[in-house]
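Straight run, no breaks: the sequence shown in UniProt numbering ends on number 142.
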Amino acid sequence: MTKFYLRMAFSHNFRKCYRLVLLSALLMFHFYHLSLFKLPLELAPSSVVCLLLFSHRISERVFRFLQQERTLLGVAVFSVVCLFAPHFLPLGVTIGALIFGAAFYPSLSVCRMVKKPFLRQSFLENPESIIPHYRNWGYRKK
């Protein structure tokens with residue numbers, strides 16, 4: 001998992017690939033749901049969310065937005081509520097996949113840290129040192 005963390009933090013292209021894999025999984029789910037239930041209007045709200053994932057800049061902002069504590073909790077509750085409403089099942093699954101995607105996306109602080117040469121070198125020499133910083137999502141301390 002450390003190699004995955006390092007690649008996600010160091011490589012902009014790896015983060016793009018991660019986003020595209022998540023998008024392809026969601027599009028496969030949409031295809032499966034449409035072929036099984038034959039109700040295209042159920043897929044409209046979740047398709048709008050999937051359209052946002054086509055842009056890397058927008059999807060990165062969505063992942064950063066979901067990494068805030070209150071936002072994550074509210075969106076997770078909304079996703080669970082959508083799973084129990086039959087017509088909103090695709091939206092609940094799509095939002096759940098976005099939450100899953102945000103959980104493994106590097107924090108903004110890590111992306112800034114790897115741009116500094118001395119920290120970049122220390123992460124390369126000791127890969128385990130990135131783990132405490134990877135999920136440093138910047139929750140506000142009260």
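Note that beta-carbon positions come from the ideal geometry of N, C-alpha and C, so glycine has one too. Given the structure is predicted, the values throughout are model-derived calculations rather than measurements.
Rounded separation between residue i and residue j - CA only
i           : j    : result
G92         : L39  : 16 Å
M28         : Y105 : 21 Å
R112        : Y18  : 19 Å
A44         : F123 : 43 Å
R15         : Q68  : 19 Å
K116        : S59  : 24 Å
R57         : R135 : 20 Å
Q121        : F100 : 29 Å
V81         : S46  : 14 Å
N126        : V77  : 38 Å
L119        : F54  : 31 Å
H12         : V75  : 26 Å
residue 144 : F4   : As shown, the chain starts at 1 and ends at 142. That puts residue 144 outside it, with no answer to give.
H33         : M8   : 30 Å
Range covered by the alpha helix (DSSP H) that runs through residue i
i    : result
N13  : 12-37
F84  : 69-84
M113 : 108-113
R135 : No alpha helix (DSSP H) contains R135, which DSSP labels as neither H nor E.
L41  : Here L41 belongs to no alpha helix (DSSP H), and DSSP marks it neither H nor E.
F65  : 56-66
P117 : 117-125
Contact under 8 Å by Cβ, residue i with residue j
i   : j    : result
S79 : G96  : yes
L83 : L89  : yes
L22 : I130 : no
H87 : E42  : yes
C50 : T94  : yes
Classification of residue i by the beta-carbon crowding that lies within 10 angstroms, buried from 16 upward
i   : result
F31 : exposed
L52 : exposed
F10 : buried
S35 : exposed
For residue j and residue i, believed in contact at Cβ under 8 Å, the rounded distance
i   : j   : result
L66 : L72 : 6 Å
A25 : F63 : Actually they do not touch by this definition, with Cβ atoms about 15 Å apart.
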